[in-house]
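Structure record follows, encoded as structure tokens.
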Amino acid sequence: MQTLIPSKMALTPEGVLQIEWSDGHQSRYTPQNLRGSCPCAECVDEITGKRQVFPQDIAAGIRPREARPVGRYAYQFVWSDGHDTGLYSYEYLRALCECDDCLAKRNDTKEKE
Ligand SMILES: [Zn+2]
Ligand SMILES: [Zn+2]
Numbered sequence: 005m006q007t008l009i010p011s012k013m014a015l016t017p018e019g020v021l022q023i024e025w026s027d028g029h030q031s032r033y034t035p036q037n038l039r040g041s042c043p044c045a046e047c048v049d050e051i052t053g054k055r056q057v058f059p060q061d062i063a064a065g066i067r068p069r070e071a072r073p074v075g076r077y078a079y080q081f082v083w084s085d086g087h088d089t090g091l092y093s094y095e096y097l098r099a100l101c102e103c104d105d106c107l108a109k110r111n112d113t114k115e116k117e
């Protein structure tokens with residue numbers, strides 16, 4: 005399978021992150037969901053794999069301050085609360101997409117389970 009890479013990235017005044025992918029897909033991410041999906045060892049217990057920090061734990065008004073590219077596979081976000089240890093791989097980011105299409109697909113899958 006072809007590796008998808010972000011070709012454009014933008015941040016709206018509301019703090020919503022927008023990514024356009026190499027296949028043309030337009031993703032959007034609300035800051036609380038993105039911060040609350042952080043995959044770092046502080047937010048997800050390394051041993052049990054259990055998530056410790058959820059989107060509902062994140063204060064409203066959180067913003068990604070910076071997105072640093074890590075190699076050619078991930079972004080490291082620096083958040084307005086100072087948290088910056090999460091590496092979001094492109095694959096992970098794509099799976100978190102909150103566009104209407106992706107949300108509808110994920111809801112379909114959930115109903116089938
Ligand atoms: Zn984290
Ligand atoms: Zn999508």
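Those letters in the sequence shown? Residues 5 to 117, by our numbering.
Every residue, glycine too, gets a C-beta built ideally from N, C-alpha and C.
Given the structure is predicted, the values throughout are model-derived calculations rather than measurements.
**Prompt:** Are the beta-carbon atoms of Q80 and R69 separated by less than 7 angstroms?
**Reply:** Residue mapping note: residue 80 aligns to position 76 of the sequence shown, counting from 1. Residue mapping note: residue 69 aligns to position 65 of the sequence shown, counting from 1. Not closer than 7 angstroms, so no.
| Which word fits P35, buried or exposed, when buried means at least 16 other C-beta atoms lie within 10 angstroms of its C-beta? | Here residue 35 refers to the residue found at position 31 when the sequence shown is read from its first residue. Counting other Cβ atoms within 10 Å of its Cβ, P35 reaches 16 or more and is therefore classed as buried.
Taking DSSP's pairing of strands, which residues face V48 in a bridge? For the purposes of this step, residue 48 is taken as residue 44 along the sequence shown, with counting starting at 1. Looking at the DSSP assignment, V48 forms a beta bridge with R55.
Review point. With 16 as the cutoff for other CB atoms within 10 Å, does E66 come out buried or exposed?
Key: Position 62 of the sequence shown holds residue 66. Checking the sequence shown, residue 66 turns out to be Ile, not Glu. So I66 counts as buried.
For P59, which residues of its own chain have a beta-carbon under 6 angstroms away from its beta-carbon, when the five flanking residues on both sides are left out? Residue 59 sits at position 55 when you count from the first residue of the sequence shown. Once the five neighbours on either side are set aside, the close Cβ partners of P59 are Q36, N37, G40.
*C103 versus C42 - alpha carbon distance*: Within the sequence shown, residue 103 is the residue found at index 99, counting from 1. Within the sequence shown, residue 42 is the residue found at index 38, counting from 1. In this structure, the CA atom of C103 is about 19 angstroms from the CA atom of C42.
Notebook entry, point to check: For R67, does the three-state DSSP call read helix, strand or coil?
Noted result: As a first step, residue 67 must be located in the sequence shown, where it is residue number 63. Here R67 sits in coil by DSSP.
*Any idea if G86 is buried or exposed, counting beta-carbon neighbours within 10 angstroms, 16 or more meaning buried?*
Within the sequence shown, numbered from 1, the residue matching residue 86 stands at position 82. With fewer than 16 other Cβ atoms from the protein chains shown falling within 10 Å of its own Cβ, G86 counts as exposed.
(message) So the candidates are E18, G53, A45, Y77; which of them puts its Cα closest to the Cα of R98?
(response) Within the sequence shown, the letter at position 94 stands for residue 98. Ranking E18, G53, A45, Y77 by Cα distance to R98 puts Y77 first.
Note to self: Can you list, in chain order, the residues of its chain with a C-beta nearer than 7 angstroms to that of S93? Leave out the 5 residues immediately preceding and following it.
What the structure shows: Here residue 93 corresponds to residue number 89 of the sequence shown, with the count starting at 1. Contacts found: Y77, A78.
Q | Near ligand 2: S31 beta-carbon under 6 angstroms from a heavy atom | A | Residue numbering aside, residue 31 sits at position 27 when the sequence shown is read from its first letter. Yes, Cβ of S31 sits closer than 6 angstroms to a heavy atom of ligand 2.
Close beta carbons around A45, own chain, < 8 angstroms, minus the five adjacent residues each side | The residue labelled residue 45 in the question sits at position 41 within the sequence shown. The answer, listed in chain order, is T89.
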